[in-house]
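In the working numbering, the protein residues as written are 1 to 1047.
C-beta atoms are modelled at their ideal positions from N, C-alpha and C, and glycine is treated no differently.
All figures in this text were calculated on a predicted structure; none of them were measured in a lab.
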């Protein structure tokens, strides 16, 4: 509904000016779905003001086209949210929780990172647990020095904890500056309130400050024109309004605004809005109501809550909403809880009141019924009423689909969840969460082979659910399915485990769970039932260990014959299932789905192999794989565990290297020990690895028919092991996986392994040893600190843009690498450092990057040279002298080389050039856009002559272009650049014999401005009719080489 007071003179203003505010994020969201009634009777009143016109209030409003453009630019919004998350709102607890769940925050793309961390924050905040301990590095005294107030510092610390926001200097300083803008404001006069309401501006700190300082107390006098309902006759009145005539319509607007029509305060606010010459709509009334409810002066507590909420939502501190100091997360949680508490009586009374059936009204009615049991007694709407049945069904559908994350996303988009009609809310939730009914109809879940954006989250959820079912189900599942474990899918095992669990429950019997320790009373019963298990193991000549005892029990649960063959099979499948389930964390599952595979349709061995492959990564993940991150964390903890000796440090790195080699060598060392018939000790495994040549890219060995029952390779890199020892191999492989998963310095210190330690014993000891929570928190804090520092540098946004232009995945690892690469265009540290580490090998490859310019297939040459340098760096890792700082530096160098390599696919190359006695990166870009001819741009930063750029192209057989510098036209500069041009022309003539080259065609420009990086297509295959001149890549790169030689 809308009471719109138009100008009688015909100078009515565009309604969009009233509805739109200053900035998209600063406006009130329109009440979605609310029907806007328009008064058609001639009761239009225009409240003109000669002192302060409505135009003065609306002058800063953006037009609809501006808003539309912003709304459509989702890439910009995603980038903003991502950078704000990494630099301001991701707490150490968020990062630690993501890591525990298997998510690699550094290597996830920007959209997935925002989604996952939003989910984590939602869960943490919904739990009601205050996040204390991870972000308390800054003392209250230091906070007070920054804010200038101990009491405000305390309020900020409390609010930051409640909102899971890191207490950093940047956040605290921003909060302090924001509060200083409004702390001295004692109140808002009518002019300031009108300014906010007329522009539909949120009651944020910056808007309150702006309103209070922009109006200077000037206000529109309320002289209005009143239109009687008689034939359009208008009579001017001074201050009189026919409120009785307007009351009914005002009531409707109050109800549409979700306010109490019986409140005299609200009614007076509506009248005030009319007197001020503002169109009375649900939006303007809500705005006026919220602003007028603010209590001045603004308290430290209110300001701290609002500021913390704004930062939590990814906004700046000054955008904090004083009228509603809750974050989107808090609002989402409140809505979910309030929806859950809606009662049948609330639905009944809501229907009888005639109000629209939406969450706001149902929540209010349920509250009234709860406060006064007699309130619903007079209601004559029964539970059999069709209107009640429909409303109840709609409510249940909303409850079924509503989650905290879904609420937060809808609120973030501006959708008003509580006042939208139920049908519209259901549709929004439906669209947000997706509907798989059509896509998967008639298809078994484990048979879905086409992974799509629509079913990705469904498969992730179903897989995690299956893992949970098996983990909590009976341990005897491996015995029950022994004959089909090699072909059974994860979904099939989950289904069988669920049915087995139901049989136990129907028989009212307890069972030994797959992954958790049994209850104490059940544990005692198990011991009594299997009190002779050790004798059975001795008879079978097996070690007395918990894994072996468990295998015997599983045979017993399934009443299977106690043979060595059955024992070996059950033990191997039990341990492989157990180790695979332990590794199937949500992040690991998502990695598999991201590859286009459905985990539910994969066997346990297939899952295990994919987990290994994804953890190690390939050449494109060099320096940024989960394996690299695990080793960096291992070294960090090793260096910060104070009571570890040098001898232990050397030993622990050796053990880490041993199991890393075992896994990257496809577990060949285990096969070698089985061949010799030796015991599976660390010493024997180490001996086996020393005789092998392995690398991350494969194995250099041939396995013949005499290799202890192991047959030749099947060509996939996997060993085909015959039935005689396949079970033993599978068992020890799973034990190696368990060890690797649990390789932590503090765990190794407790386990105290030596060369005689058996592999199963080490696996058991490491599993039982706990991690140091203090070290875990310290490491999480270190990583988050590094992420914040990186994303806060000035060049971060430009680096992000360059990644997008090059179509390289925008994740943190690539962002950090791109920032460093752009920095290297000034200092060239990667070339110098790689030469220091790799000596002649690096020099040879670097020279090739320049020498091969202009030759055939340069992109392949470029990629191979960078890969060879990266491989050389890889060989330096896993050494006794490794330390966290050096390993992290090498990993960053590898990622930088990977980003360079990826950029070559889009026609950009960073090559080492020696100038002024220093190697730095020359950035070469081949461009072929819609507006210009194919061209080459090469730029290099010099100390003496500024940033020098050569832009060259060939047209009609003539080479043309320009050389630019950021420096002025000094005598020395002119002399140098003319010399460069002259030499370059000589080189161009040598390399491009079929083209004309003249210095007159190449201009020199001084005082050039640096331009943002833009990227074109490398090979000019995409043509624009016959209008564009196309030059092949080798010619363009020959131009770049000529420029280098001229320098």
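Quiz item: Tell me which same chain residues have a C-beta within less than 7 angstroms of the C-beta of residue 952, skipping the five on either side of it?
Solution: As a first step, residue 952 is located in the chain shown; it is residue number 952 there, counting from the start. Contacts found: 935, 936, 959, 961 and 1039.
Quiz item: Just checking, does the segment 592-599 make contact with the segment 574-582 on the three C-beta pairs under 8 angstroms criterion?
Solution: no
Quiz item: Tell me which same chain residues have a C-beta within less than 7 angstroms of the C-beta of residue 688, skipping the five on either side of it?
Solution: As a working mapping, residue 688 is identified with position 688 in the chain shown. 669, 672 and 673.
Exercise. Determine the closest residue to residue 907 out of 881, 888 and 938, with distance taken between C-alpha atoms.
Key: Within the chain shown, residue 907 is the residue found at index 907, counting from 1. Checked all of 881, 888 and 938; the closest Cα to residue 907 is 938.
Self-check item: Where residue 371 falls, given that 16 or more other Cβ within 10 Å makes a residue buried
Solution: Looking up residue 371 in the chain shown gives position 371. Exposed, because fewer than 16 other Cβ atoms sit within 10 Å of the Cβ of residue 371.
Quiz item: How far does the beta strand (DSSP E) with residue 914 in it reach, from first residue to last?
Solution: Residue 914 sits at position 914 when you count from the first residue of the chain shown. Residues 908-915.
Quiz prompt | Own chain residues within Cβ distance below 8 angstroms of residue 819, not counting five before or after | solution = Position 819 of the chain shown, counting from 1, holds the residue named residue 819. Once the five neighbours on either side are set aside, the close Cβ partners of residue 819 are 790, 793, 795, 796 and 799.
Quiz item: Under 8 angstroms between the Cβ atoms of residue 106 and residue 870?
Solution: Residue mapping note: residue 106 aligns to position 106 of the chain shown, counting from 1. Residue mapping note: residue 870 aligns to position 870 of the chain shown, counting from 1. No, the pair does not count as a contact, with Cβ atoms beyond the cut-off.
Practice problem: Report the residue ranges of all alpha helix (DSSP H) runs contained in full by the segment 617-648; include only those spanning at least 4 residues, in chain order. | Solution: 626-640
Exercise. Pull up the DSSP beta-bridge partners for residue 996, would you.
Key: Position 996 of the chain shown, counting from 1, holds the residue named residue 996. In the DSSP output, where bridge partners are listed per residue, residue 996 has 958.
Quiz item: Near residue 291, what residues of its chain come up, given a Cβ to Cβ distance below 6 angstroms and the 5 sequence neighbours on each side ignored?
Solution: In the chain shown, counting from the first residue as 1, residue 291 sits at position 291. So the list reads 193, 196 and 203, once near-sequence residues are dropped.
Exercise. Would you kindly check if the distance between the Cβ of residue 95 and the Cβ of residue 780 is under 8 angstroms?
Key: As a working note, residue 780 is residue 780 in the chain shown. As a working note, residue 95 is residue 95 in the chain shown. Yes, these two residues count as a Cβ contact at 8 angstroms.
Quiz item: Exposed or buried, residue 710, counting other C-beta atoms within 10 Å across all chains shown (16 or more means buried)?
Solution: Position 710 of the chain shown, counted from the first residue, corresponds to residue 710. A caution first: residue 710 carries a pLDDT of 34, below 50, which makes its placement in the model too unreliable to give a value.
Quiz prompt | DSSP bridge partner residues for residue 936 (one or two, in chain order) | solution = For the purposes of this step, residue 936 is taken as residue 936 along the chain shown, with counting starting at 1. In the DSSP output, where bridge partners are listed per residue, residue 936 has 926 and 952.
Practice problem: Kindly provide the ranges of any alpha helix (DSSP H) runs that are 4 or more residues long and lie completely inside the segment 173-207, ordered along the chain. | Solution: 190-198
Practice problem: Identify every run of the alpha helix (DSSP H) within the segment 293-350, keeping only runs that are complete inside it and at least 4 residues long; order them along the chain. | Solution: 300-312 and 328-340
Quiz item: Hey, how far is the Cα of residue 417 from the Cα of residue 604?
Solution: Counting from one through the chain shown, the residue named residue 417 turns up at place 417. Counting from one through the chain shown, the residue named residue 604 turns up at place 604. So the two alpha carbons sit approximately 43 angstroms from each other.
Quiz item: Exposed or buried, what is residue 543 when buried is set at 16 or more other beta-carbons lying within 10 Å of its beta-carbon?
Solution: As a position in the chain shown, residue 543 is number 543, starting the count at 1. So residue 543 counts as exposed.
Exercise. Decide yes or no for the touch test of the segment 562-573 against the segment 81-89: beta carbon pairs closer than 8 angstroms, at least 3 of them.
Key: no
Practice problem: From the DSSP output, read off the bridge partner residues of residue 941. | Solution: Start at 1 with the first residue of the chain shown, and residue 941 comes out as number 941. Per DSSP, 947.
Self-check item: Residues near residue 251 in its chain [Cβ-Cβ closer than 8 angstroms; skip 5 each side]
Solution: Position 251 of the chain shown, counted from the first residue, corresponds to residue 251. 261.
Quiz prompt | For residue 1002, the residue or residues it bridges with in DSSP | solution = Start at 1 with the first residue of the chain shown, and residue 1002 comes out as number 1002. Per DSSP, 961.
Quiz item: Helix, strand or coil: how does DSSP classify residue 279 here?
Solution: The residue given as residue 279 occupies position 279 in the chain shown. In this structure, residue 279 counts as coil in the three-state DSSP scheme.
Self-check item: Selected residue, minimal CA-CA separation from residue 465, among 1046, 904, 483 and 497
Solution: Residue numbering aside, residue 465 sits at position 465 when the chain shown is read from its first letter. When only C-alpha atoms are compared, the closest one is 497.
Practice problem: Return the chain-ordered list of same chain residues with a C-beta closer than 6 angstroms to the C-beta of residue 211, the five sequence neighbours on each side being excluded. | Solution: What you label residue 211 is simply residue 211 of the chain shown in a count that begins at 1. The residues are 192, 195 and 196.
Practice problem: Determine the DSSP secondary structure at residue 843, reduced to helix, strand or coil. | Solution: In the chain shown, counting from the first residue as 1, residue 843 sits at position 843. Looking at residue 843 - three-state DSSP - the assignment turns out to be helix.
Quiz prompt | Start and end residues, alpha helix (DSSP H) containing residue 971 | solution = Counting from 1 along the chain shown, the entry for residue 971 is found at position 971. First-last of the alpha helix (DSSP H) with residue 971: 971-991.
Quiz item: residue 168: which of 1005, 964 and 787 sits nearest, CA to CA?
Solution: For this step, residue 168 is matched to residue 168 along the chain shown. For residue 168, the nearest C-alpha among the options comes from 787.
Practice problem: Determine which residues share a DSSP beta bridge with residue 758 and list them. | Solution: Reading the chain shown from its first residue, position 758 is the one you call residue 758. Paired residues: 681.
Self-check item: Cα-Cα separation between residue 345 and residue 421, rounded to whole angstroms
Solution: Within the chain shown, the letter at position 345 stands for residue 345. Within the chain shown, the letter at position 421 stands for residue 421. Those two C-alpha atoms are separated by around 19 angstroms.
Quiz item: Can we say the segment 106-122 touches the segment 139-159, given the rule of at least three CB pairs closer than 8 angstroms?
Solution: no
Quiz item: If you draw a straight line from the C-alpha of residue 909 to the C-alpha of residue 901, how long is it?
Solution: Along the chain shown, read from residue 1 onward, the residue named residue 909 stands at position 909. Along the chain shown, read from residue 1 onward, the residue named residue 901 stands at position 901. Straight-line Cα distance between these residues: approximately 8 angstroms.
Quiz prompt | Range of the contiguous alpha helix (DSSP H) that encloses residue 386 | solution = Sequence index remark: in the chain shown, residue 386 carries index 386 (1-based). Unbroken alpha helix (DSSP H) run through residue 386: 386-401.
Practice problem: In angstroms with no decimal places, state the Cα-to-Cα distance between residue 1041 and residue 926. | Solution: Taking the chain shown and counting its residues from 1, the one referred to as residue 1041 is at position 1041. Taking the chain shown and counting its residues from 1, the one referred to as residue 926 is at position 926. Approximately 13 angstroms, taken between the alpha carbons.
Practice problem: May I ask you to report which of helix, strand or coil DSSP gives residue 352? | Solution: Sequence index remark: in the chain shown, residue 352 carries index 352 (1-based). It is helical.
Exercise. Decide if residue 20 is buried, meaning its Cβ has at least 16 other Cβ atoms within 10 Å, or exposed.
Key: As a working mapping, residue 20 is identified with position 20 in the chain shown. In this prediction, residue 20 scores a pLDDT of 24, lower than 50, which makes its location untrustworthy; no coordinate-derived value is stated.
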